[in-house]
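For the sequence shown, the numbering used here gives the first residue as 1197, with consecutive numbering after it.
We put the CB at the ideal spot given by N, CA and C, even for glycine.
Predicted, not measured: the structure shown is a model, and the values here were computed from it.
Presented below is the structure to which this report refers.
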Amino acid sequence: MTTLTELQAILATFAAERNWDNAGYTPENLAKSISIEAAELLECYQWGKEPDPKDVRYELADVLTYCLQMARILGLDPAQIVLEKLEVTRKKYPPVAKETEAKKLEDGAQSPAT
């Protein structure tokens, strides 16, 4: 299995071979691209249709690729920032009994965003 570090190195080489770092890979442009690709992923599920698994995989890959490229450009370790945010979320939403959470969801509450 490929690690995040290996994947980021592969993506960095891919971008460098195309001179993309110097031609638009800015945090702003990458943030826009993440949003656009996330919308394309959401489109796979539009109108409650059954999504094409290949389309979902490709759109999710696009989102992840841009996220990893943005982390690289910003000098951030993706695993570290996810773990840091998970700790913040863990404190904000302490564990609850499964029955309590299930009841909340049955009553129409939405799962908290991490």
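Beta-carbon proximity list for residue i, same chain, < 8 angstroms, skipping 5 on both sides
{"i": "residue 1198", "result": "1206"}
{"i": "residue 1223", "result": "1266, 1269 and 1270"}
{"i": "residue 1227", "result": "1266"}
{"i": "residue 1230", "result": "1259, 1262, 1263 and 1266"}
{"i": "residue 1248", "result": "1240"}
Among the options, the one whose alpha carbon lies nearest that of residue i
{"i": "residue 1264", "options": "1252, 1253 and 1277", "result": "1277"}
{"i": "residue 1240", "options": "1253, 1215 and 1230", "result": "1253"}
{"i": "residue 1203", "options": "1273, 1242, 1216 and 1280", "result": "1273"}
Three-state secondary structure (DSSP) of residue i
{"i": "residue 1201", "result": "helix"}
{"i": "residue 1292", "result": "coil"}
{"i": "residue 1214", "result": "coil"}
{"i": "residue 1264", "result": "helix"}
{"i": "residue 1273", "result": "coil"}
{"i": "residue 1245", "result": "coil"}
{"i": "residue 1254", "result": "helix"}
{"i": "residue 1234", "result": "helix"}
{"i": "residue 1219", "result": "coil"}
heavy atom of the ligand FAD below 7 angstroms from residue i C-beta
{"i": "residue 1276", "result": "Of the ligands one can find in the structure shown there are none, so the ligand FAD has no counterpart to examine."}
Close-in-space but distant-in-sequence residues of the same chain around residue i (CB under 6 angstroms, 5 per side omitted)
{"i": "residue 1152", "result": "Lying outside 1197 to 1310, the shown extent of the chain, residue 1152 is not represented and no answer is given."}
Beta-carbon proximity list for residue i, same chain, < 7 angstroms, skipping 5 on both sides
{"i": "residue 1208", "result": "1268"}
### Query
Counting pairs of Cβ atoms below 8 angstroms between the stretch 1257-1274 and the stretch 1225-1240, do you hit three or more?
yes
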